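Student: Numbering (our numbering), first residue to last: 222 to 480. Quick one: structure below, then a few questions.
Next comes the structure, spelled out in structure tokens:
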């Protein structure tokens, strides 16, 4: 067994602590993980015969937090002497991600080829393929080099469109700005979502999405999977209209009852 103290950036509340600890514990071989957002660190105990420091750090990074350089991870000596291995510095990358866009405006296979060429010219795009028959573009890209919003800009720039819908969800369970960032990161990793902005003060998420690829329940599930709640916001005008309709119906039923 080995204990290691890992420095974390981005934790700002108790919920952040829980997220980081659970991410570390999700790694097979980790027996204990305790985070402290005030100190910006997590203490992890793990079985070196089952897992290693790299796997633990990757799990934490995947949960939406930044890990300090490997050399700054501080091994915690156990009661018995342990010879700690020298850890090489890792140059991190966000990893290749994939997104799918529903397209509009194509009339033939040449249109698909034109869009494909434009997308493949974008720095950070590893591969882009456009299917004319189903009107979809599938893009593999490096999020560290390109923002997905650039795909829509490129497509509309040559005369085509990206089909999307907008929705605003009420978010529950956020305690700080890092919580909002975690949700936003999870949403942007969800295929079919082209834009996501989460506001901690307003407790809401504004999302542009392709309904042909992802549904509202799936969007809510992506938020719930990182530990928060999501519900559709009801427009005040619509809510008032529904309330008046209910009151009118109750009044009508009372009149009928009296008659």
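Backbone N, C-alpha and C define an ideal beta-carbon position, used for all residues, glycine too. Please read all numbers here as calculations on a predicted model, not as lab measurements.
What's the C-alpha gap between residue 420 and residue 397?
Tutor: Here residue 420 corresponds to residue number 199 of the chain shown, with the count starting at 1. Here residue 397 corresponds to residue number 176 of the chain shown, with the count starting at 1. Roughly 10 Å between the two C-alpha positions.
Student: Are there 16 or more other CB atoms within 10 angstroms of the CB of residue 411, so buried, or fewer, so exposed?
Tutor: If you number the chain shown from 1, residue 411 lands on position 190. So residue 411 counts as buried.
Student: Under the rule that 16 or more other beta-carbon atoms within 10 Å means buried, what is residue 201, buried or exposed?
Tutor: Residue numbering for the chain in the displayed model covers 222 to 480; residue 201 lies beyond these limits and cannot be assessed.
Student: What does the Cβ neighbour count give for residue 403, buried or exposed, with the cut at 16 atoms within 10 Å?
Tutor: Position 182 of the chain shown, counted from the start, is the residue given in the question as residue 403. So residue 403 ends up on the buried side.
Student: Just to confirm my understanding: we take residue 250, look at its own chain, exclude 5 residues before and 5 after, and list those with CB closer than 6 Å. What are they?
Tutor: Reading the chain shown from its first residue, position 29 is the one you call residue 250. Counting only Cβ-Cβ distances below 6 Å, and skipping sequence neighbours, we find 267, 268, 271 and 272.
Student: Pop quiz: residue 280 and residue 333 are said to be a contact at Cβ under 8 Å. What is the actual Cβ separation, rounded to whole angstroms?
Tutor: Numbered from its first residue, the chain shown carries residue 280 at position 59. Numbered from its first residue, the chain shown carries residue 333 at position 112. Not confirmed; about 39 Å, so no contact.
Student: Check the C-beta distance from residue 322 over to residue 372 and give it rounded, since I have them as a contact under 8 Å.
Tutor: Numbered from its first residue, the chain shown carries residue 322 at position 101. Numbered from its first residue, the chain shown carries residue 372 at position 151. Right, their Cβ atoms sit about 6 Å apart.
Student: Is it buried or exposed, residue 336, if we count other Cβ atoms within 10 angstroms and call 16 or more buried?
Tutor: In the chain shown, the residue the question calls residue 336 occupies position 115. Buried, since its Cβ has 16 or more Cβ neighbours within 10 Å.
Student: For a test of the three-state rule: what should DSSP assign to residue 355, helix, strand or coil?
Tutor: Position 134 of the chain shown, counting from 1, holds the residue named residue 355. It is coil, neither helix nor strand.
Student: If we count the other Cβ atoms within 10 Å of its Cβ and call it buried at 16 or more, is residue 262 buried or exposed?
Tutor: Within the chain shown, the letter at position 41 stands for residue 262. Result: buried.
Student: Take residue 236 and list the residues in its own chain whose beta-carbon comes closer than 6 Å to its own, dropping the five residues that flank it on each side.
Tutor: Translated into the one-based positions of the chain shown, residue 236 becomes position 15. So the list reads 396 and 400, once near-sequence residues are dropped.
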